[in-house]
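Note that numbering that gives the first Met the number 0 has the sequence shown beginning at 0, numbered continuously upward. Ideal placement from N, C-alpha and C gives every residue a C-beta, glycine not left out. No experiment lies behind these values; they were computed from the predicted model shown.
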Amino acid sequence: MQFYLDGYKSGNPFVEATHPSARQRPGQLPDVVDVLIIGSGPAGLVLAAQLANFPDLHTVVVDRRDGPLEVGQADGVACRTVEMFEAFGLADQLIHEGYQVNEVTFWRPDPQDGSSITRTGRIDDVEDGLSEMPHMIVNQARMLDYLRDHMRRSARRAEPYHGFHASGVEVTADGEHPVTVTLEHTAGGEPTGETSTIRAKYVVGCDGSRSSTREAIGRRLVGDATNQSWGVLDVLAVTDFPDIRLKSAVHSEQGSILIIPREGGYLVRLYIELDNERDAEMLRDRSATPERLTEVANRILHPYTLEVKHVGWWAVYEIGQRYCEGFDDVPDAEAGTRLPRVFIAGDACHTHSAKAGQGMNVSMADAFNLGWKLGTVLRGTSRPELLGTYSQERQNVARRLIEFDREFAAKFSSSPADGDDADVAEFQSYFRAQGRFTAGVAVRYEPSILTAPPTHQHLAEGFGLGMRFHSAPVVRLADAKPMHLGHAARADGAWRLYAFADPAHPGAGPGSLLGRLCEFLASDKSPLARFTPPGAEPDSVIDVRAVLQQPHRDVAVDELPPVLLPRKGPFGLVDYEKVFCSDHAAGDIFDTRGVDRERGAMIVVRPDQYVATVLPLDAYDELDAFLGEVLVEVG
Ligand SMILES: Cc1cc2nc3c(=O)[nH]c(=O)nc-3n(C[C@H](O)[C@H](O)[C@H](O)COP(=O)(O)OP(=O)(O)OC[C@H]3O[C@@H](n4cnc5c(N)ncnc54)[C@H](O)[C@@H]3O)c2cc1C
Numbered sequence: 000m001q002f003y004l005d006g007y008k009s010g011n012p013f014v015e016a017t018h019p020s021a022r023q024r025p026g027q028l029p030d031v032v033d034v035l036i037i038g039s040g041p042a043g044l045v046l047a048a049q050l051a052n053f054p055d056l057h058t059v060v061v062d063r064r065d066g067p068l069e070v071g072q073a074d075g076v077a078c079r080t081v082e083m084f085e086a087f088g089l090a091d092q093l094i095h096e097g098y099q100v101n102e103v104t105f106w107r108p109d110p111q112d113g114s115s116i117t118r119t120g121r122i123d124d125v126e127d128g129l130s131e132m133p134h135m136i137v138n139q140a141r142m143l144d145y146l147r148d149h150m151r152r153s154a155r156r157a158e159p160y161h162g163f164h165a166s167g168v169e170v171t172a173d174g175e176h177p178v179t180v181t182l183e184h185t186a187g188g189e190p191t192g193e194t195s196t197i198r199a200k201y202v203v204g205c206d207g208s209r210s211s212t213r214e215a216i217g218r219r220l221v222g223d224a225t226n227q228s229w230g231v232l233d234v235l236a237v238t239d240f241p242d243i244r245l246k247s248a249v250h251s252e253q254g255s256i257l258i259i260p261r262e263g264g265y266l267v268r269l270y271i272e273l274d275n276e277r278d279a280e281m282l283r284d285r286s287a288t289p290e291r292l293t294e295v296a297n298r299i300l301h302p303y304t305l306e307v308k309h310v311g312w313w314a315v316y317e318i319g320q321r322y323c324e325g326f327d328d329v330p331d332a333e334a335g336t337r338l339p340r341v342f343i344a345g346d347a348c349h350t351h352s353a354k355a356g357q358g359m360n361v362s363m364a365d366a367f368n369l370g371w372k373l374g375t376v377l378r379g380t381s382r383p384e385l386l387g388t389y390s391q392e393r394q395n396v397a398r399r400l401i402e403f404d405r406e407f408a409a410k411f412s413s414s415p416a417d418g419d420d421a422d423v424a425e426f427q428s429y430f431r432a433q434g435r436f437t438a439g440v441a442v443r444y445e446p447s448i449l450t451a452p453p454t455h456q457h458l459a460e461g462f463g464l465g466m467r468f469h470s471a472p473v474v475r476l477a478d479a480k481p482m483h484l485g486h487a488a489r490a491d492g493a494w495r496l497y498a499f500a501d502p503a504h505p506g507a508g509p510g511s512l513l514g515r516l517c518e519f520l521a522s523d524k525s526p527l528a529r530f531t532p533p534g535a536e537p538d539s540v541i542d543v544r545a546v547l548q549q550p551h552r553d554v555a556v557d558e559l560p561p562v563l564l565p566r567k568g569p570f571g572l573v574d575y576e577k578v579f580c581s582d583h584a585a586g587d588i589f590d591t592r593g594v595d596r597e598r599g600a601m602i603v604v605r606p607d608q609y610v611a612t613v614l615p616l617d618a619y620d621e622l623d624a625f626l627g628e629v630l631v632e633v634g
């Protein structure tokens with residue numbers, strides 16, 4: 000993390016200097032904003048945290064709740080989400096506080112005595128090398144706390160407005176702020192009778208599965224309305240079940256439980272699958288209580304027992320497998336002819352079972368996809384056509400998520416009585432194979448203006464086009480710091496151009512492909528010159544970074560081309576953190592990610608960390624043409 004660019008200041012360097020237009024009167028709603036976000040759940044707050052990094056934009060988040068969520072709901076944080084949190088500088092705290100899921104155990108009825116359960120397997124939860132980040136468990140309320148902290152520390156000093164229920168969303172005119180949202184003021188969940196309106200350039204409905212924004216734009220969820228009911232219990236308990244501190248999938252003749260150990264060493268979450276026949280009365284009368292759910296848990300865990308000492312949160316969670324056919328207000332018939340003004344994200348677009356722990360993660364990923372697009376379009380550095388890619392990209396992800404969830408949920412619930420050893424082995428290998436999906440790293444965006452076709456993929460096989468940039472260890476040249484290459488990227492809306500060098504010394508001038516690329520990038524014809532607005536930092540639109548093959552002690556900083564030592568801030572300070580070398584101790588990144596050593600490669604990465612194109616180091620025209628489709632040329 001870099002700071003003090005504008006001058007040394009005492010105090011916490013992670014708190015940014017206040018932007019002049021930061022909110023002056025807390026609680027006082029503005030009349031006009033750039034972006035209005037409806038809902039401060041995981042989707043709404045990731046979007047708000049991203050837009051807080053654009054302090055020149057005015058973003059407001061409203062929520063009908065009286066205050067922040069305090070407890071409950073989701074708790075699984077996929078590896079990909081931790082990677083995303085790293086870009087906000089929030090991963091350390093999350094990893095420090097959360098439970099790290101390392102292994103999973105599987106339990107089935109004992110073949111000798113079907114009334115008892117026995118362990119049938121124990122495997123790694125996450126495949127080696129899938130991500131540098133762990134699979135974590137942390138309560139959703141804490142995830143939201145981290146994001147709010149980030150917003151408060153940002154130059155915009157952003158904070159959600161609570162007690163406002165969005166009751167109407169209307170795209171009214173073609174003016175600068177064409178969307179009008181009606182807000183009913185609430186107290187204790189009840190309307191006070193007072194209403195306000197806000198006009199916005201863009202509105203994003205992150206208002207959950209019963210989204211009124213979705214209704215307002217004429218979208219609907221399609222799929223199965225109801226599926227399976229789960230009792231969810233967060234408890235402190237005393238038990239003789241030996242795997243209580245491991246994620247455990249238990250199937251007995253009496254039903255299924257998913258055990259999720261939680262943060263803090265003692266707390267545990269039980270997802271108890273409620274049976275439409277066995278638990279019919281409880282479901283019909285809605286008479287579930289923590290005590291009754293505990294009875295079901297004990298029935299399933301027999302011969303083990305579980306004595307609940309304290310219930311932190313509980314719910315009966317019933318959810319269908321549904322998704323929306325479009326995530327913005329442009330009807331299919333008008334796609335490509337007009338630009339969206341209203342978007343929906345998160346549970347407003349897709350709902351599914353909690354079994355694979357995807358709800359909070361996919362919701363946050365929707366928002367991360369949209370945030371930089373809105374921010375850079377509003378700033379005027381990206382073309383507005385970019386906004387149409389949000390629905391295309393994320394709707395495909397939602398469709399695949401629902402297909403996956405149907406299959407996963409069916410496997411999970413299949414009766415153990417039908418299962419022999421082969422079934423048990425098959426379920427475990429299926430679970431392992433789906434690990435990429437549940438870790439959130441299987442998403443691959445289709446070719447579009449944001450994802451090039453795989454013409455040059457062979458130059459860097461390990462950086463899959465349309466997939467998230469898969470980080471690997473490197474050593475930063477200037478200060479010899481071993482680190483992850485991907486962690487240099489912040490959620491700041493900038494594109495990243497990683498130039499993986501050819502073998503020549505970078506100071507060899509025309510003898511080095513990297514040297515020649517740097518000369519081009521420093522020229523008037525370069526995309527840096529064409530797309531960076533006057534007065535903006537040189538890396539604020541396209542951030543050029545180089546990865547060298549030489550060991551870090553073999554290259555001196557003063558041998559680097561100037562474009563890799565950009566001058567920034569009011570004092571024209573040199574940014575020394577743009578160049579990295581292979582970390583031969585941790586694994587050479589050229590080998591681990593299959594980068595062509597002779598020819599090198601340019602990897603162009605979107606602000607949300609997805610690989611947009613892979614190019615030869617001398618493909619200047621192709622680079623320019625690709626970025627020209629997305630970025631706005633300065634006047
Ligand atoms: C009761 C419950 C229990 C859950 N349990 C689990 C679980 O055990 N495991 C799991 O993996 N997932 C669980 N989930 C799902 C998971 O929490 C969601 O997938 C995730 O929260 C989705 O995030 P989101 O931001 O899209 O929506 P939400 O988290 O639902 O946030 C929507 C926000 O919008 C606000 N809002 C809604 N309408 C309006 C309006 N008109 N005006 C203003 N504000 C509005 C709401 O107050 C809320 O704060 C649960 C969800 C719920 C509702």
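Q: Counting only the same chain and skipping the five closest in sequence on each side, list residues whose C-beta sits under 6 angstroms from that of Leu-35.
A: Taken in chain order, the residues that qualify are Val-59, Val-180, Ile-197, Ala-199 and Val-202.
Q | Distance, Thr-238 Cα to Arg-268 Cα | A | Spanning the alpha carbons of Arg-268 and Thr-238 requires a straight line of approximately 13 angstroms.
Q. Along the chain, where does the alpha helix (DSSP H) that runs through Ser-211 open and close?
A. Membership of Ser-211 in the alpha helix (DSSP H) is indicated by the continuous run 211–215.
(Q) Within the continuous beta strand (DSSP E) that includes Tyr-309, where are the two ends? (A) Position check: residue 309 holds His in this sequence, whereas Tyr was assumed. Per DSSP, His-309 belongs to the beta strand (DSSP E) from 305–323.
Q: Spatial neighbours of Glu-169 within its chain, please: CB distance less than 6 angstroms, with the 5 preceding and 5 following residues excluded, ordered by chain position.
A: Close CB contacts of Glu-169 within its chain, under the 6 angstroms cut and outside five residues either way in sequence, are with Thr-179 (chain order).
**Q.** Given Gly-319 as reference, the closest of Arg-152, Thr-194 and Asp-223 once Cα atoms are compared
**A.** When each option's Cα is compared against that of Gly-319, the closest is Asp-223.
Q. How big is the Cα-Cα spacing for Thr-117 and Ile-256?
A. Straight-line measurement puts the Cα of Ile-256 at about 14 angstroms from the Cα of Thr-117.
Q) How about Ser-211: is its Cβ closer than 8 angstroms to a heavy atom in ligand 1? A) At least one heavy atom of ligand 1 lies less than 8 angstroms from the C-beta of Ser-211.
**Q.** Three-state class that DSSP yields for Leu-626 in the structure shown
**A.** In the three-state scheme derived from DSSP, where H, G and I count as helix and E and B as strand, Leu-626 is classed as helix.
Q: Assess, as a yes-or-no matter, whether the region 90–110 is touched by the region 498–516 under the definition of 3 or more beta carbon pairs within less than 8 angstroms.
A: Cβ pair count under 8 angstroms is below three, so no.
(Q) In whole angstroms, give me the CA-to-CA distance for Val-562 and Val-633. (A) Near 19 angstroms, if we compare the C-alpha coordinates of Val-633 and Val-562.
Q.
What residue range does the beta strand (DSSP E) around Glu-169 cover?
A. Under the DSSP assignment, Glu-169 falls in the beta strand (DSSP E) whose first and last residues are 163–170.
Q | Beta-carbon separation (whole angstroms), Phe-579 vs Val-473, contact threshold 8 angstroms | A | Yes, they are in contact, since the Cβ atoms of Phe-579 and Val-473 sit about 4 angstroms apart, within 8 angstroms.
Q. In the DSSP assignment, what are the bridge partners of Thr-238?
A. Looking at the DSSP assignment, Thr-238 forms a beta bridge with Leu-305.
**Q.** Span separating the alpha-carbon of Pro-177 from that of Gln-1
**A.** Between Pro-177 and Gln-1, the C-alpha separation is close to 38 angstroms.
Q. In whole angstroms, what is the alpha-carbon distance linking Gln-427 and Ala-248?
A. Each residue's alpha carbon lies about 10 angstroms from the other.
(Q) Tell me whether the region 615–633 and the region 517–530 touch, counting them as touching only if at least three CB pairs, one residue from each stretch, are closer than 8 angstroms. (A) Cβ pair count under 8 angstroms is three or more, so yes.
Q. Can you tell me whether Leu-4 is buried or exposed, with buried defined as 16 or more other CB within 10 angstroms of its CB?
A. With fewer than 16 other Cβ atoms within 10 Å, it is exposed.
Q) Quick one, which of Gly-174, Tyr-160, Leu-373 and Glu-280 has its alpha-carbon nearest Leu-630's? A) With distances taken between CA atoms, Leu-630 lies nearest to Leu-373 out of Gly-174, Tyr-160, Leu-373 and Glu-280.
Q. So what does DSSP say about Phe-342, is it helix, strand or coil?
A. In this structure, Phe-342 counts as strand in the three-state DSSP scheme.
Q. What did DSSP end up calling Met-482 once you bin it into helix, strand or coil?
A. In the structure shown, Met-482 sits in a strand (DSSP, three-state: E or B).
Q. Which class does Met-0 belong to by DSSP, given the choice of helix, strand or coil?
A. Here Met-0 sits in coil by DSSP.
Q. CA-CA distance, Glu-576 and Ile-136?
A. Going by the C-alpha atoms only, they are around 32 angstroms apart.
(Q) Output needed for His-134: all residues of its chain with C-beta closer than 6 angstroms, excluding positions within five of it in sequence on either side, in chain order. (A) Within the same chain, His-134 has close Cβ partners Cys-78, Val-100, Asp-124 and Val-125.
Q. Span of the alpha helix (DSSP H) holding Asp-590?
A. Secondary structure note for Asp-590: its alpha helix (DSSP H) is the uninterrupted segment 588–591.
Q. What is the rounded straight-line gap between the Cα of Pro-159 and the Cα of Gly-263?
A. Taking the CA atoms as reference points, Pro-159 sits about 28 angstroms from Gly-263.
Q) For the region 487–544, which segments carrying the alpha helix (DSSP H) assignment without a break, of at least 4 residues, lie completely within its bounds, in sequence order? A) You should have 512–521 and 526–530.
Q) Would you call the CB atoms of Ala-140 and Trp-229 closer than 9 angstroms? A) The Cβ atoms of Ala-140 and Trp-229 do not sit closer than 9 angstroms to each other.
Q. Fully enclosed by the region 46–118, which beta strand (DSSP E) runs are 3 residues long or longer?
A. Runs of the beta strand (DSSP E) lying entirely within the region 46–118 and spanning at least 3 residues, in chain order: 58–62, 98–100 and 102–108.
Q.
Let me check one thing: in DSSP terms, what residues is Ser-381 bridge-paired to?
A. DSSP, once it has assigned bridges, lists Leu-630 as partnering Ser-381.
**Q.** Backbone secondary structure at Gly-465 - three-state DSSP
**A.** In the three-state reduction of the DSSP assignment, Gly-465 falls in the coil class, being assigned neither a helical nor a strand state.
Q. Excluding five sequence neighbours on each side, which residues of the same chain lie with their C-beta closer than 6 angstroms to the C-beta of Asp-582?
A. For Asp-582, where only same-chain residues beyond five positions count, the Cβ hits under 6 angstroms are Pro-472, Val-473, Val-474 and Pro-481.
Q.
Is it buried or exposed, Val-345, if we count other Cβ atoms within 10 angstroms and call 16 or more buried?
A. The sequence given here has Gly at residue 345, not Val. Answer is buried; the Cβ neighbour count reaches 16.
Q) Do Val-594 and Trp-494 have their C-beta atoms closer together than 9 angstroms? A) Taking the C-beta atoms as reference points, Trp-494 is found no nearer than 9 angstroms to Val-594.
Q: Please determine if the region 325–334 and the region 310–317 are in contact, where contact requires at least 3 C-beta pairs separated by less than 8 angstroms.
A: No, because fewer than three Cβ pairs between the region 325–334 and the region 310–317 fall closer than 8 angstroms, the two stretches do not touch.
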